[in-house]
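Report on the structure given below.
There are 2 protein chains.
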Amino acid sequence: MFTPRIPSKADIKLIRSLGQKKFREQTGLFVVEGEKMVEEALAQKRFPVEAVYRTADTGEETMGRMSLLSSPSPALAVLRMASASGTAASSGAARPSAGSTPLPEGLCLALDSVRDPGNVGTILRLADWFGIDTVYLSPDCVDIYNPKTVQATMGSIFRQKAVICGLTELARRCREASVPVYATALEGGQDIRKAPLETGRALIVMGSERDGVSPELLALSDARLYIPSFAADAADRAESLNVAIATAVTCYEFRRR
Amino acid sequence: MFTPRIPSKADIKLIRSLGQKKFREQTGLFVVEGEKMVEEALAQKRFPVEAVYRTADTGEETMGRMSLLSSPSPALAVLRMASASGTAASSGAARPSAGSTPLPEGLCLALDSVRDPGNVGTILRLADWFGIDTVYLSPDCVDIYNPKTVQATMGSIFRQKAVICGLTELARRCREASVPVYATALEGGQDIRKAPLETGRALIVMGSERDGVSPELLALSDARLYIPSFAADAADRAESLNVAIATAVTCYEFRRR
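Pasting the structure below:
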C-alpha cells in the first residue's frame with residue numbers, strides 16, 4: 051500500500067506516526083533505519099518488508115521528515131511485526147498470556163520493567179551474541195519496536211527471540227519445572243564470581259535501573275547475585291551499573307563457566 | 051554571572067548553546083540535568099557550580115527551553131569544567147600533550163575514536179565501578195562534556211579520571227615503561243577467558259564500533275584479545291558487541307582474575 055521509491059504525503063504521515071507505540075500497535079508496522087539495518091531487513095524472513103526508501107530517490111529533506119531518529123540515515127524500511135512463524139518476537143498485539151508462555155529451554159533473560167529504549171535494544175543484541183535462548187520482557191518494559199530500541203539491536207531484532215509476559219507467573223512456573231531462577235541485585239546475595247551457577251538451563255532476572263528486581267520476583271528466586279565493585283574506595287564510587295552493562299557481565303559469567 | 055533561581059533570557063540562550071562543543075570550549079561551562087545529578091554536582095569539589103535551576107522556581111516551560119536532553123528534568127546545573135585540581139578531567143582547552151600525559155598507575159582504559167555520547171558516558175560509569183585508574187580518550191572521541199555523555203555517567207563524571215591524548219604516543223610510552231598494552235578485537239588474537247593477563251598495571255585499548263582499534267595501535271599492542279560469541283550458530287548471530295558492553299566484559303575479566 052506504500053508508494054514505492056518516493057513516499058506519498060500519506061506515507062510520510064504514517065511513517066512519522068510509527069514513532070508512537072499506539073500507532074505501531076494499530077497498524078502492526080515498525081521502522082528500521084540505516085543502510086546496514088535495511089540490508090539485514092531485506093535478507094531476513096521474520097518480518098515482511100512493506101516499503102524501502104532511500105535518500106537517493108526521496109531527497110534528503112523527505113528522508114529527514116520520515117526519520118524517527120535524531121539523525122536521518124540514507125535508507126529506511128517499514129516492516130510488519132509478528133509474522134506467523136513461531137519464533138517471531140511477539141508484538142503487543144500477539145502477546146501470549148503467562149500461562150502459555152514457553153518455559154526456557156536454555157539460558158534465558160527476563161527484563162523486569164526496563165524502560166530505556168537503548169538499554170533494551172543493547173540487551174537484545176548482547177543476548178544474541180551470548181547465545182541466549184529467549185529474552186522475556188515484563189509488559190511495562192519499553193516496546194521492542196520503539197525506533198531507538200530497534201536501532202540499538204543492530205539487527206538482533208531479526209534473530210533474537212523476545213517474549214512479553216508476566217514475569218511473576220513465569221518465575222513460578224520455572225520453579226515448578228525445576229528451572230533455576232537467578233535475580234541480580236546491587237548488593238546482598240552472592241558474589242557472582244563465586245556463586246554456584248546452573249549454566250545449562252536457567253532464567254536470569256534483571257531489574258529496572260531505578261528499582262531493581264521487584265520484591266515478588268526476588269522472593270521467587272533461587273539465588274540473588276551481585277557484581278562486585280572493584281573500586282579501591284567503595285564509599286566514593288559509582289552507585290550502580292547500567293542495566294545493559296550488568297546484563298552483559300552476568301551473561302558472560304554464566305557463559306564463561 | 052547567572053541570575054539565581056529564575057534564568058534571564060541571556061542565561062537561557064547561553065545554556066542552550068552549551069549543547070554544542072564549540073560553546074562549551076569557549077565558555078568553559080557544561081550542563082548536568084536531573085535531581086540526582088544536581089545533588090551530586092553540589093556535593094563534589096571538582097567542578098565549580100555556577101548556577102542551579104529548578105522547575106519549582108522556573109516553571110516547566112522555561113525548564114523545557116533550557117534542557118539539552120530529550121526530556122527535561124526538574125533540576126539543571128551549570129558547571130565550570132577543568133578545575134585547578136590535578137585530577138580533574140581535562141577539558142578540550144586544558145588538553146595535555148601526549149608527551150606529558152601521566153602513564154597508567156593501575157589498570158587503565160584507552161578509547162580509540164569512540165564517538166557515541168551514550169557509550170562514552172556509560173564507559174566512564176563502569177570504569178568508576180571497576181576501579182579503573184584513568185580513561186584515556188583519543189582527541190576524536192566524543193567530548194566528555196556532551197550533555198548525553200554527562201548524563202550517561204550518572205555522576206561518574208565527578209569522580210572518574212579522564213584524559214584526552216594521542217593514543218599512539220601513549221601506547222609507545224607504555225611499552226618503553228614496560229606497561230603492557232592490550233587491544234581488543236572482534237576476532238584474531240586470544241580468547242580473553244584464557245589469555246594471560248597482567249591485571250595490576252596495564253592499558254586496555256577499545257576501538258570504535260565501526261572500525262575497531264586502529265592499525266597503528268594494534269601494532270603497538272602486546273596482545274590482542276577477543277570476547278568469544280557463545281551463540282550456537284555463529285554464522286547467524288550478532289556481528290559485534292556494543293563498545294560499552296565489550297569494555298564491561300573486558301574490565302570484568304581483568305578484575306575477576
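Note that the protein sequences, when read in sequence, are chains A and B. Position one of the first sequence corresponds to residue 51 (the numbering used here), numbered consecutively onward. Position one of the second sequence corresponds to residue 51 (the numbering used here), numbered consecutively onward. We put the beta carbon where it would ideally sit given N, CA and C, even for glycine. As the structure is a computational prediction, the values presented were derived from the model and not from experiment.
- In the structure shown, the three-state DSSP call for G262 of chain B is strand.
- For Y186 of chain A, the secondary structure class from DSSP, reduced to helix, strand or coil, is strand.
- Secondary structure at Y195 of chain B: coil, using DSSP grouped into helix, strand and coil.
- Put simply, the CB of I207 of chain A is far from chain B, with every gap to its CB atoms at 7 Å or more.
- Ranked by Cα distance from F208 of chain A, the first of A:L220, A:R225, A:D178 and A:S228 is A:D178.
- A straight line joining the alpha-carbon of R243 of chain A with that of P278 of chain A spans about 8 Å.
- Under the Cβ distance rule, I295 of chain B counts among the residues neighbouring chain A, one pair being separated by less than 7 Å.
- Residue contact with chain B for A282 of chain A: present (Cβ-Cβ distance below 7 Å to some residue of chain B).
- Contact annotation, V170 of chain A with L129 of chain A: C-beta distance approximately 18 Å; criterion of less than 8 Å not satisfied.
- In this structure, the beta-carbon distance from T297 of chain A to C215 of chain A does not fall below 7 Å.
- For M204 of chain A, same chain residues with a beta-carbon under 7 Å away, outside a window of 5 residues either side, are R175 in chain order.
- Taking CB atoms only, G181 of chain A has a neighbour in chain B less than 7 Å away.
- Within the region 223 to 299 of chain B, the runs of beta strand (DSSP E) at least 3 residues long that lie entirely inside it are, in chain order, 231 to 234, 252 to 256 and 273 to 276.
- The Cβ atoms of L153 of chain B and A273 of chain B do not sit closer than 7 Å to each other.
- Beta-bridge analysis with DSSP links C158 of chain A to A:L253.
- Using a CB distance below 7 Å, the part of the region 173 to 203 of chain A facing chain B consists of R175, L176, D178, W179, F180 and G181, ordered along the chain.
- Residues of the region 241 to 256 of chain A with a C-beta atom less than 8 Å from some C-beta of chain B are R243, listed in chain order.
- The contact set of V299 of chain B on chain A, defined by CB atoms closer than 7 Å, consists of A298, V299 and Y302 in chain order.
- DSSP, reduced to helix, strand and coil, places L119 of chain B outside both helices and strands of the structure shown, so it counts as coil.
- Around D107 of chain A, the same chain offers R55 and I56 as residues with beta carbons nearer than 8 Å, after the five sequence neighbours per side are excluded.
- About 6 Å separates the beta carbon of L217 of chain B from that of Y186 of chain B, a gap short enough to meet the 8 Å contact definition.
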